[in-house]
Amino acid sequence: MQEIERKFLVTGEFKSLAYDKTHIEQGYFATEPGKTVRVRIRNDKGYLTIKGPSSKDGLSRYEFEVEVPLEDAQEMMKLCVPGRVNKDRYLIKSGKHIVEVDEFFDENEGLILAEIELENEDEAYVKPDFLGAEVTGDKRYYNKYMIRHPYKQWRNQAEPHP
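With numbering that gives the first Met the number 0 applied, the sequence shown covers 0 to 161.
In structure tokens form, the structure reads like this:
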């Protein structure tokens with residue numbers, strides 16, 4: 000399945016707008032360029048995800064995800080490379096889209112990102128007021144990057160790339 004999304008820094012208040020909140024922990028088996036294999040525990044469910052390379056602009060890539068038993072996901076976490084991503088995800092309706100806002104913890108604390116998934120790269124969307132600079136395609140904001148280069152290490156130099 001093709002995943003198309005835009006990614007933004009969050010600069011305004013968003014929590015009061017959320018209709019759902021979940022906790023996510025994820026670990027990675029592979030984070031090579033163009034390949035990502037991860038396990039995720041979202042509340043009480045497990046998922047195994049494989050992602051392909053991003054397009055040049057970072058807008059799209061192939062993604063395959065399957066649900067796995069929670070116990071299996073917990074065991075798989077033990078096989079992951081060092082580092083975890085821990086975050087709370089808030090869902091917010093914006094026009095016909097759902098904005099996923101991730102508030103990161105641990106070594107990535109202080110970072111809040113939002114993603115809007117689209118049907119196609121040219122699709123119009125309503126940009127909520129709490130969104131700041133767009134960081135689509137900026138690899139520093141990929142979860143797989145942040146397990147090896149936590150936000151706390153580089154946040155003072157975190158000017159979004161054009």
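A virtual CB, placed ideally from N, CA and C, is assigned to each residue, including glycine. The structure presented is a predicted model; accordingly, all values stated were derived computationally and were not measured.
In this structure the region 4-12 lies against the region 131-146, because at least three pairs of beta carbons, one per stretch, are closer than 8 Å. If only complete runs of 4 or more residues are kept, the region 63-88 shows the alpha helix (DSSP H) at 69-76, in order along the chain. Leu8 is bridged by DSSP to Leu112.
Approximately 15 Å separates the beta-carbon atoms of Lys143 and Tyr61; this is outside 8 Å, ruling out the contact. By DSSP's assignment, Thr35 forms a beta bridge with Lys50. Rounded to the nearest whole angstrom, the CA to CA distance from Ser93 to Glu120 is 17 Å. Closest in alpha carbon position to Glu4, among Ala123, Leu117 and Glu106, is Leu117. In this chain, the alpha helix (DSSP H) harbouring Lys151 covers Tyr150 to Trp153.
Gly51 and Met75 have their C-alpha atoms some 20 Å from each other. Burial state of Ala113 is buried, judged by a 10 Å Cβ sphere holding 16 or more other Cβ atoms. DSSP places Tyr27 within a strand segment (E or B) once states are collapsed to three.
With a beta-carbon spacing of about 6 Å, Glu102 and Lys86 fall inside the 8 Å limit used to define contacts.
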